[in-house]
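Here this note's numbering is used: the first residue of the sequence shown is 1, the next is one more, and so on. For glycine and all other residues, C-beta sits at the position ideal for the given N, C-alpha and C. All remarks here apply to the structure that follows.
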Amino acid sequence: MRLLISFAALFLSVILLQLSSGGVGPLDALSGLALGFDKQDIGLLGSAHFLGFFIGCWWAPRLMGSVGHSRAFAAFTAAGAIGLMSHMLVVDPLAWAVMRVASGMCVAGCYTVIEAWLQAKVTNETRGRAMGVYRVVDMTGSLAAQMIISVLEPASYVSYNLLAIVCCAALLPLTLTTVKQPETPTSPRLRPSLAHRKSPLAAAAVIVAALSSASFRMVGPIYGQEVGLTTEQIAYFLSAFVLGGALAQYPMGWLADKFDRRWVLIWLSVAAIVSSTITVYSVSYGIAGILIAAGLFGLTTFPIYSVAAAHAHDFATDDERVELSAALMFYFALGAIAAPYIASLLIDLYGPRALFLLMAAGHAILVLFGVTRMRARPTPTDRTRYTYAPRTSFLIGRLTGKSRTLGKDE
Numbered sequence: 001m002r003l004l005i006s007f008a009a010l011f012l013s014v015i016l017l018q019l020s021s022g023g024v025g026p027l028d029a030l031s032g033l034a035l036g037f038d039k040q041d042i043g044l045l046g047s048a049h050f051l052g053f054f055i056g057c058w059w060a061p062r063l064m065g066s067v068g069h070s071r072a073f074a075a076f077t078a079a080g081a082i083g084l085m086s087h088m089l090v091v092d093p094l095a096w097a098v099m100r101v102a103s104g105m106c107v108a109g110c111y112t113v114i115e116a117w118l119q120a121k122v123t124n125e126t127r128g129r130a131m132g133v134y135r136v137v138d139m140t141g142s143l144a145a146q147m148i149i150s151v152l153e154p155a156s157y158v159s160y161n162l163l164a165i166v167c168c169a170a171l172l173p174l175t176l177t178t179v180k181q182p183e184t185p186t187s188p189r190l191r192p193s194l195a196h197r198k199s200p201l202a203a204a205a206v207i208v209a210a211l212s213s214a215s216f217r218m219v220g221p222i223y224g225q226e227v228g229l230t231t232e233q234i235a236y237f238l239s240a241f242v243l244g245g246a247l248a249q250y251p252m253g254w255l256a257d258k259f260d261r262r263w264v265l266i267w268l269s270v271a272a273i274v275s276s277t278i279t280v281y282s283v284s285y286g287i288a289g290i291l292i293a294a295g296l297f298g299l300t301t302f303p304i305y306s307v308a309a310a311h312a313h314d315f316a317t318d319d320e321r322v323e324l325s326a327a328l329m330f331y332f333a334l335g336a337i338a339a340p341y342i343a344s345l346l347i348d349l350y351g352p353r354a355l356f357l358l359m360a361a362g363h364a365i366l367v368l369f370g371v372t373r374m375r376a377r378p379t380p381t382d383r384t385r386y387t388y389a390p391r392t393s394f395l396i397g398r399l400t401g402k403s404r405t406l407g408k409d410e
């Protein structure tokens, strides 16, 4: 309990960051539609967010080394708040894209600082409890962030100003804490080839995971409006996806530790294709059918990143794990940068169901690739335990403690 109390400031900052950064994506989509932006412009905003996210992941460890944790956190938070408050001052899609780069940098940079702080304070004995609470806090904040658009008016300066205030409030718990700042961690080398070399299937799977997650989160509001959902219903639609993903973590973790992870990835993708099809046809069954389908889609797609990460770590040595986690994050960022723009373009050309047809096609390719990879080599007998891996920073590999292994009989 004393450990969790000492991390209370960090966890409060996580919740506030999630509320501000998680709320701006759907708010931007609805605001852009209200202001007459093209669907491709709205997709570009989602892509710009993940471009900023990648820049923040790469730059944050270096900035911490130069100015320290608290100042780095303050700098990234200020960038995010400026990006939020500037929206209604310059109503232009390209200007908003630049602002979303700032928002993406903010969330990646701040999470990097928080995770570096956590890593410096936990021990092997307390790591499990600290990470368990961290995951719950992160998921809770993400779920609440999807709901926040139900009370925010699109294309309103007040709405963006409220998100900026929440973003600035995230400064207070961390900068006012009396806990001594840790020493700056060494930043992992970014070697994308490491992930492909250790597991081509894992690298492909995290790209497909990004295709599903980034497209749904950033373009989902367009889909919701196209099929006739109200703003409040769109908030429930996005929240159902996150809730489904949260509920999937334990059973998918058990399956990933019990069976060949390649089969788990393959069957998750098969289930994702089925859930994509169900979501397309759920419109005929009203809002209840749409929400159930969104939850099912989250259930089948959310765990893919963590299963892929666990599979990749099965082939890694302990001194490669941090860099491997960073490499997997790099592939996720690549997919997340491209996915929203492509999804919005396809919706504009072929209608709202094109969003889920795109994701179903990505998972179909992953199924074929997974079957091909199963013929290339056997799965290791000693494997790392499955751990839910948030896509938050390049330093997450230090926190997940993947050196624990499963024996042959487990």
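- DSSP, read as helix, strand or coil, puts residue 352 in coil.
- DSSP, read as helix, strand or coil, puts residue 61 in helix.
- Nearest to residue 243 by alpha-carbon distance, out of 7, 204, 333, 142, is 142.
- DSSP places residue 292 inside the alpha helix (DSSP H), whose first and last residues are 286-301.
- Taking every protein chain shown into account, the CB of residue 368 has fewer than 16 other CB atoms within 10 angstroms, so this residue is exposed.
- DSSP places residue 136 in the helix class (H, G or I) of the three-state scheme.
- Counting along the chain, residue 221 sits inside the alpha helix (DSSP H) bounded by residues 200-226.
- In this structure, DSSP gives residue 191 a state outside helix and strand, which the three-state scheme calls coil.
- About 7 angstroms separates the beta carbons of residue 338 and residue 47, which is inside the 8 angstroms limit, making them a contact pair.
- The C-beta distance from residue 215 to residue 340 rounds to 6 angstroms, short enough to meet the 8 angstroms contact threshold.
- Straight-line spacing of the CA atoms in residue 249 and residue 292 works out to 18 angstroms.
- The C-beta distance from residue 222 to residue 345 rounds to 11 angstroms, too long to fall under 8 angstroms, and the pair is not in contact.
- Taken atom to atom, the span from the alpha-carbon of residue 295 to that of residue 93 is near 31 angstroms.
- Burial of residue 370 is indicated by the presence of at least 16 other C-beta atoms within 10 angstroms of its C-beta.
- Per the coordinates, the alpha-carbon of residue 375 lies some 24 angstroms from the alpha-carbon of residue 254.
- If the five residues before and after residue 176 are omitted, its C-beta is found closer than 8 angstroms to the C-beta atoms of 9, all from its own chain and listed in chain order.
- Distance between residue 334 and residue 220, taken at the CA atoms: about 19 angstroms.
- Using a Cβ distance threshold of 8 angstroms, residue 83 and residue 102 count as a contacting pair.
- Counting of Cβ neighbours within 10 angstroms places residue 351 among the exposed residues, the total staying below 16.
- Boundaries of the alpha helix (DSSP H) harbouring residue 26: 8-34, taken from the DSSP string.
- A straight line joining the alpha-carbon of residue 256 with that of residue 316 spans about 17 angstroms.
- Counting only the Cα atoms, residue 282 lies some 9 angstroms from residue 288.
- Residue 326 and residue 309 have their C-alpha atoms some 11 angstroms from each other.
- The DSSP-derived three-state label of residue 68 is coil.
- Closest in C-alpha terms to residue 311, from the list 277, 200, 365, 275, comes 200.
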